[in-house]
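As structure tokens, this is what we get:
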């Protein structure tokens, strides 16, 4: 019996529809409890940055439905999203939302760890608003730590951390920072508060606040002692460390000499006081004649530098971070009065053959290891005088032996830095290392961050070396090329 054509067409249509429905049903996520393998697969999908955010959030919704919103495995994956490298800002915000809904205590802990780390502005704003909603005053410390990070675009009062700090503390920003600084507590938070108060209030008002505070706290006592002695207020944790170091009984002789000599300098020459990195220099310079006007010192330095040949590192390209002009003309406005005295004294010291021989011999001995640099502390020898400044170079081991041709200052060198006039580094990987003369961009940033002076000695030939001094102000001065005695 022949097929009825209309019936056949209807049959084909129904069969096709049935197969489509069966296929769709097979492709739908299975309902019901998930087994261990399925859970693990979905957790992997949730944290996978290569997948669309919508797909990841749909997976998370099913996880929450099947294993519970407060499942430790799910929450661990969400925390991984918040803290993971390369995660999308929108997914970080989503993860924070979900963590807070499931476990507010975990949300507070995650914020405490990560607010100082968030680099995306939208994520930071969301986190600050969440901190306010949680009303957890323990988050003020991380907010202050985050605020201490530099922001190129936004001024301090416009930062989202400010609103959160003020709402959580019930005080305006300056009052809360002053409270944190003057109250015993987490030292890192107190040092961050000190830095921000300096930016908000300026040196003079901050000095008044410190000097007027009760002196029962060791940190405040150290700051009061230094402000009263050298009229300087630090804004950096390394400077605070050096102040604490200088306040130790073993440093009393050095400090007393520096204090006596500071009285011979006119106040207008040192309007911001004396930084800890310069105390050893001041203790060494013992004659009133060493403290003429700034203009006279500039002329003295210019005359000394003009007597030497000078070389300069070839930059990667014009205007590159390593395109550094180390001339006095370019840098003199970034040098303090005592910085200029340091340049003058180093130039005078390098005129002595004993110093040049010591520098070259020590640098040459480091040439045996071409994959690394050596460095340490540069100080004045105990037997020297201001008329005959003999140098003492003490090497310190690198913090990291990474065989990358760099020297990394260790903790002990940082602690001992106030005993000397500068740290030093040898660029002596080859006899003629002229292409690496002076500081690279990373060296300049290190000096700026640590607030120390660094002298870089570079071998430029047989018994010939260059000396450059790098300052926290980003000033770099080439002291010249020197020949060491055979």
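Numbering (my numbering), first residue to last: 1343 to 1828.
Where is the CB? At the ideal position from N, CA and C, for every residue including glycine.
Out of the options, point me to the one whose CA is closest to residue i's CA.
| i | options | result |
| --- | --- | --- |
| residue 1446 | 1427, 1422, 1476 | 1476 |
| residue 1424 | 1401, 1414, 1389 | 1389 |
| residue 1566 | 1550, 1578, 1581, 1577 | 1550 |
| residue 1757 | 1630, 1701, 1430, 1585 | 1585 |
| residue 1545 | 1558, 1572, 1525 | 1572 |
| residue 1830 | 1668, 1631, 1761 | Not covered by the structure: residue 1830. The range shown for the chain is 1343 to 1828. |
| residue 1800 | 1790, 1826, 1554 | 1826 |
| residue 1648 | 1562, 1822, 1426 | 1822 |
| residue 1339 | 1561, 1685, 1439, 1716 | Nothing about residue 1339 can be reported from this structure: the residues present for the chain run from 1343 to 1828 only. |
| residue 1526 | 1539, 1547, 1560, 1812 | 1560 |
| residue 1817 | 1828, 1788, 1804 | 1788 |
| residue 1487 | 1513, 1512, 1497, 1455 | 1455 |
| residue 1401 | 1434, 1383, 1588 | 1383 |
| residue 1750 | 1460, 1765, 1645 | 1765 |
| residue 1654 | 1777, 1792, 1512 | 1777 |
| residue 1772 | 1707, 1755, 1689 | 1707 |
| residue 1843 | 1732, 1748, 1785, 1792 | Since the first residue shown for the chain is 1343 and the last is 1828, residue 1843 is missing from the structure and cannot be characterised. |
| residue 1646 | 1563, 1633, 1634, 1670 | 1670 |
| residue 1582 | 1562, 1399, 1592 | 1562 |
| residue 1730 | 1385, 1812, 1628 | 1628 |
How would you call residue i, buried or exposed, if buried means at least 16 neighbouring beta carbons within 10 angstroms?
| i | result |
| --- | --- |
| residue 1407 | exposed |
| residue 1479 | exposed |
| residue 1613 | exposed |
| residue 1698 | buried |
| residue 1345 | Here residue 1345 scores only 43 on pLDDT, less than 50, and its place in the model is too uncertain to base an answer on. |
| residue 1668 | buried |
| residue 1483 | buried |
| residue 1651 | exposed |
| residue 1808 | buried |
| residue 1659 | exposed |
| residue 1753 | exposed |
| residue 1828 | exposed |
If you drop the 5 nearest sequence neighbours on each side, which residues of the same chain put their C-beta closer than 8 angstroms to that of residue i?
| i | result |
| --- | --- |
| residue 1410 | 1416 |
| residue 1682 | 1636, 1639, 1640, 1643, 1674 |
| residue 1505 | 1470, 1474 |
| residue 1381 | 1405, 1408, 1409, 1415 |
| residue 1510 | 1473, 1474, 1477, 1478, 1479, 1481, 1482, 1485 |
| residue 1725 | 1732 |
Give the secondary structure of residue i by DSSP, where H, G and I count as helix, E and B as strand, and everything else as coil.
| i | result |
| --- | --- |
| residue 1769 | strand |
| residue 1788 | helix |
| residue 1709 | helix |
| residue 1381 | helix |
| residue 1399 | helix |
| residue 1694 | coil |
| residue 1656 | coil |
| residue 1689 | helix |
| residue 1797 | strand |
| residue 1818 | strand |
| residue 1442 | helix |
| residue 1619 | helix |
| residue 1703 | helix |
| residue 1391 | coil |
| residue 1376 | coil |
| residue 1838 | This structure gives no information on residue 1838, because the portion of the chain shown stretches from 1343 to 1828. |
| residue 1649 | coil |
Between residue i and residue j, what straight-line distance do the alpha-carbon atoms span, to the nearest angstrom?
| i | j | result |
| --- | --- | --- |
| residue 1810 | residue 1779 | 8 angstroms |
| residue 1722 | residue 1468 | 53 angstroms |
| residue 1554 | residue 1814 | 29 angstroms |
| residue 1429 | residue 1436 | 11 angstroms |
| residue 1720 | residue 1624 | 15 angstroms |
| residue 1709 | residue 1692 | 21 angstroms |
| residue 1803 | residue 1656 | 17 angstroms |
| residue 1557 | residue 1768 | 43 angstroms |
| residue 1523 | residue 1695 | 49 angstroms |
| residue 1496 | residue 1502 | 10 angstroms |
| residue 1762 | residue 1459 | 35 angstroms |
| residue 1574 | residue 1580 | 14 angstroms |
| residue 1666 | residue 1594 | 38 angstroms |
| residue 1588 | residue 1596 | 8 angstroms |
| residue 1520 | residue 1530 | 14 angstroms |
| residue 1732 | residue 1795 | 18 angstroms |
| residue 1806 | residue 1774 | 9 angstroms |
| residue 1508 | residue 1461 | 21 angstroms |
| residue 1688 | residue 1534 | 34 angstroms |
In chain order, what residues of the same chain lie with their CB nearer than 6 angstroms to the CB of residue i, ignoring the 5 residues before and after it?
| i | result |
| --- | --- |
| residue 1537 | 1490, 1577 |
| residue 1464 | 1431 |
| residue 1685 | 1643, 1819 |
| residue 1568 | 1585 |
Verify the contact flag: residue i, CB atom, against every heavy atom of the ligand GTP, threshold strictly below 7 angstroms.
| i | result |
| --- | --- |
| residue 1467 | Within the structure as shown, the ligand GTP is missing, as the structure has no ligands at all. |
Skipping 5 residues on each side, what residues in its chain have a beta carbon closer than 7 angstroms to that of residue i?
| i | result |
| --- | --- |
| residue 1790 | 1814, 1816 |
| residue 1782 | 1664 |
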